[in-house]
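Inspection log for the structure reproduced underneath, given as structure tokens.
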Amino acid sequence: MTSEIQPIVEFAGVDKRYGDGPLILDNVSFKAERGDFISLIGPSGCGKSTVLKLISGLNPNSAGKIVVDGASPKGAVEKLSFVFQEPTLLPWHTVEKNVELPMKLHGTAAAGRAEVAARCLSLVGLSDRKDYYPRQLSGGQKMRVSIARALSVSPKILLLDEPFGALDEMTRDHLNEELLAIRQQLAWTAFFVTHSVAEAVFLSNRIIVMSANPGRIHSEVRVDFPYPRTEETRQSPEYQKLVAEVSKILRSVERLKK
Amino acid sequence: MRRVPGFLKKLLPALTGVGMIFVWYCICMGLSADHRFLLPSPSEVARAFVDKGPALWGGALTTGGGALAGFGISVTLSFIIALILSLSPLVRASLYPYLMILQMTPVIVIAPILILWVGPGFRSVTVITFLICFFPMVVNTTQGLISTDRNLVDYFRMCKASKWQEIWLLRVPSALPYFFTGLRIGATLAPIGAIVGDYIAGNSAGGQGGLGFLTIIYSSQFQMGALFATAIVGCALGFVFVAAVVALSWLSLHKWHESFSRTDT
């Protein structure tokens, strides 16, 4: 099959505007290989989240070409999952039922759902919380449930829109490590929107820096530290040097905006 | 503030009740002989309960039945109408004014019309109860259905959920707290509606009269003790309705809704 060597997501000269509004994305082009962990950073209003929405097929692009796993984004809906900044769990369902929700919406038979949910909950270390309700969980635990829910449909592509933005730094670091550990077991391609340079450097093998008004790709930074990455990675001078470098690029982009 | 012991806290409402009856008794004693008829003493009311026991019991059942039927129809219809209203602002704009009319029309004026249409007695009482309960229930449930968390709606859309799934798996469950608020208001109104209905459109033939009919009888005969007893029965009926709704809402909400968050273990 030739599809295996094709990029899993390809943007070629993509523009996006809403109605007659201003240009949100201007001539965005990139290719994502299978297994890439790509972070999108940039000043607010640079269209990072819009890129995710275009990949998801939720909104159509205005110009250019988008290919997701050999198909148009609309045809690829079943292959991807979303994690938002809010955990967006249903408060009246238990943790287990929340994880089963996307399978239920896609019409998966009830018999198979519990097994998949159990597997996904064990991936995020919440097997013993399956009968809890969301309000009984901490912010970090809710986010884990949200991730388990996203994994339950065995996505090829994971779209994460500032998923840890509302968490404290400690929890965020933990979840970053867990996310990478899960990635060792399940091979998905990730698009990760964040405001935190440190987080982007820690997680990704590629960082796409965007500039605003209209949203353009400013530059790309490769992160070549080997996986698995741990707390030691964070301590290493190379890591800290790269965080400083990327921060500098981001600052220059933000100055550009003004 | 000092801590009140647990047992005293539970006893307090009962003590308040005893105190109020005592005050009531004292006022009766203080009234002059020619004014005493205005306020029956607690013992007179108690005697009325014994003397009129069967009539009050029968009246409570009749009125309770009418209230339950009207309330039940109101729950069902308000839910369906709320679902329709929640579909779009356009539907709401075009239907709300007419629902308001339903609420604004004085029951006492439509009663004669209802008697002609559906006949006096149980049917009229049911319709009048329905008319009184309906509006607050529709308004609350509709509000609930359109107040769904925007993020959750977006999530459902991203999962390509059908409109049907969005309504039944998302909008309806998240409207439950509002629905129960409406239900609670309806439950307090239903017995009152049924008594008013019985008063103006009841059917006394063959002992079918409810509490409203008893009110007419006792007031015409100036039986103050029995009137007080009737009022208390009506009040108790209201309590039964509200208690049932509170129990129901506890059953369906206590596990997940913030309003019951003290029940955590």
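These protein sequence lines map, in sequence, to chains A and B. Okay, so the first sequence: first residue is 980 according to this note's numbering, each after it adds one. Okay, so the second sequence: first residue is 136 according to this note's numbering, each after it adds one. Where a beta carbon is used, it is the ideal one built from N, C-alpha and C, also for glycine.
Can you tell me which residues form a DSSP beta bridge with residue i?
i	result
A/Arg996	A/Leu1002
A/Met1189	A/Ile1196
A/Leu1019	A/Val1172, A/Ile1187
B/Lys145	In the DSSP output, where bridge partners are listed per residue, B/Lys145 has none listed.
A/Ala1050	A/Val1047
A/Ile1136	A/Leu1059, A/Thr1168
Mapping the DSSP letters down to three states, classify residue i as helix, strand or coil.
i	result
B/Ser387	helix
A/Lys1220	helix
A/Ser1008	strand
A/Phe990	strand
A/Ala1088	coil
A/Ala1042	strand
B/Arg292	helix
A/Arg1123	helix
B/Asp399	Annotation note: pLDDT 45 at B/Asp399 (below 50); position unreliable, no value reported.
A/Arg1201	strand
B/Gly200	helix
A/Val1095	helix
A/Asp1152	helix
A/Leu1102	helix
B/Gly345	coil
A/Tyr1111	coil
A/Arg1208	coil
A/Ser982	Here the model assigns A/Ser982 a pLDDT of 49, short of 50, so the residue's position is not dependable, and the following value carries that caveat. In the structure shown, A/Ser982 sits in a helix (DSSP, three-state: H, G or I).
A/Cys1025	coil
B/Trp299	helix
B/Asp186	helix
A/Trp1071	coil
A/Gln1163	helix
A/Glu1065	coil
B/Leu305	helix
A/Ala1145	coil
B/Phe357	coil
B/Leu249	helix
B/Asn286	helix
A/Ser1231	helix
B/Thr240	coil
Am I right that residue i and residue j are in contact with their C-beta atoms under 8 Å? What's the rounded C-beta distance?
i	j	result
B/Ile267	B/Ser259	Going by Cβ atoms, the distance from B/Ile267 to B/Ser259 rounds to 13 Å, so no, they are not a contact pair.
B/Gly321	B/Ser176	Actually they do not touch by this definition, with Cβ atoms about 35 Å apart.
A/Leu1139	A/Phe1171	5 Å
B/Ala325	B/Thr261	The Cβ separation is near 10 Å, so there is no contact.
A/Val1176	A/Leu1229	6 Å
B/Ala183	B/Gly360	4 Å
A/His1174	A/Gly1194	No, A/His1174 and A/Gly1194 are not in contact; Cβ-Cβ is about 15 Å, not under 8 Å.
A/Cys1099	A/Ala1055	The pair is not a contact, with the Cβ atoms about 21 Å apart (cut-off 8 Å).
A/Ser1319	A/Pro1142	Here chain A has residues from 980 to 1237 only, and residue 1319 of chain A is not among them.
A/Gly1119	A/Leu1154	6 Å
B/Ala190	B/Ile335	Contact doesn't hold; Cβ gap of about 20 Å is too wide.
Taking C-beta pairs closer than 7 Å, name the residues in chain B that residue i reaches, listed in chain order.
i	result
A/Val1056	Lys295
A/Phe1061	Met293
A/Pro1081	Cys294
Give the residues of chain A in contact with residue i, contact being defined as C-beta atoms less than 7 Å apart.
i	result
B/Trp391	Pro1070, Trp1071, Tyr1112, Arg1114
Which chain B residues are close to residue i, counting only those with a beta carbon under 9 Å from its beta carbon?
i	result
A/Leu1084	Phe291, Cys294, Lys295, Ala296, Ser297, Gln300, Leu304
A/Ser1035	Met293
Give a yes or no on whether 9 Å exceeds the smallest Cβ distance from residue i to chain C.
i	result
B/Pro308	Among the protein chains of the structure shown, namely A and B, there is no chain C.
List, in order along the chain, the chain A residues whose C-beta lies closer than 8 Å to that of residue i?
i	result
B/Asn275	Within 8 Å Cβ-Cβ: nothing; B/Asn275 doesn't reach chain A, min ~18 Å.
Identify the contact partners of residue i in chain B, using a Cβ-Cβ distance below 8 Å as the criterion.
i	result
A/Glu1238	The structure shown does not extend to residue 1238 of chain A, since chain A spans only 980 to 1237, so no value can be given for it.
Report yes if the C-beta of residue i is less than 8 Å from at least one heavy atom of the ligand NAP; otherwise report no.
i	result
B/Val274	Among the components of this structure there are no ligands whatsoever, and the ligand NAP is therefore not found.
Inset, instruction - Say whether the segment 143-163 of chain B touches the segment 1202-1215 of chain A, bearing in mind that this needs 3 or more beta-carbon pairs closer than 8 Å, one atom from each stretch. - result: Touching, no, given that fewer than three Cβ pairs across the two stretches are closer than 8 Å.
Legend entry - At least 3 beta-carbon pairs within less than 8 Å: the segment 1010-1017 of chain A vs the segment 1177-1190 of chain A: yes
Inset, instruction - Would you check if the segment 992-1007 of chain A and the segment 1144-1155 of chain A touch, i.e. whether three or more CB-CB distances between them fall below 8 Å? - result: Touching, no.
Inset, instruction - Check whether the segment 269-276 of chain B touches the segment 306-318 of chain B, taking contact to mean three or more Cβ pairs, one atom from each stretch, closer than 8 Å. - result: yes
Legend entry - Cβ pair count under 8 Å reaching 3, the segment 296-312 of chain B against the segment 274-286 of chain B: Under the Cβ criterion (8 Å, minimum of three pairs), the segment 296-312 of chain B counts as touching the segment 274-286 of chain B.
Inset, instruction - State whether the segment 207-227 of chain B contacts the segment 191-198 of chain B, with contact taken as three or more CB pairs (one from each stretch) at a distance under 8 Å. - result: no
Legend entry - Inter-stretch contact (C-beta, 8 Å, three-pair minimum) for the segment 1026-1040 of chain A and the segment 1070-1087 of chain A: By the criterion of at least three beta-carbon pairs nearer than 8 Å, the segment 1026-1040 of chain A is not in contact with the segment 1070-1087 of chain A.
Inset, instruction - Please determine if the segment 1099-1114 of chain A and the segment 1029-1045 of chain A are in contact, where contact requires at least 3 C-beta pairs separated by less than 8 Å. - result: no
Legend entry - Contact between the segment 1038-1049 of chain A and the segment 983-999 of chain A (3+ Cβ pairs under 8 Å): yes
Legend entry - Contact the segment 162-182 of chain B vs the segment 347-362 of chain B: 3+ CB pairs below 8 Å: Three or more Cβ pairs closer than 8 Å define a contact, and the segment 162-182 of chain B meets that threshold against the segment 347-362 of chain B.
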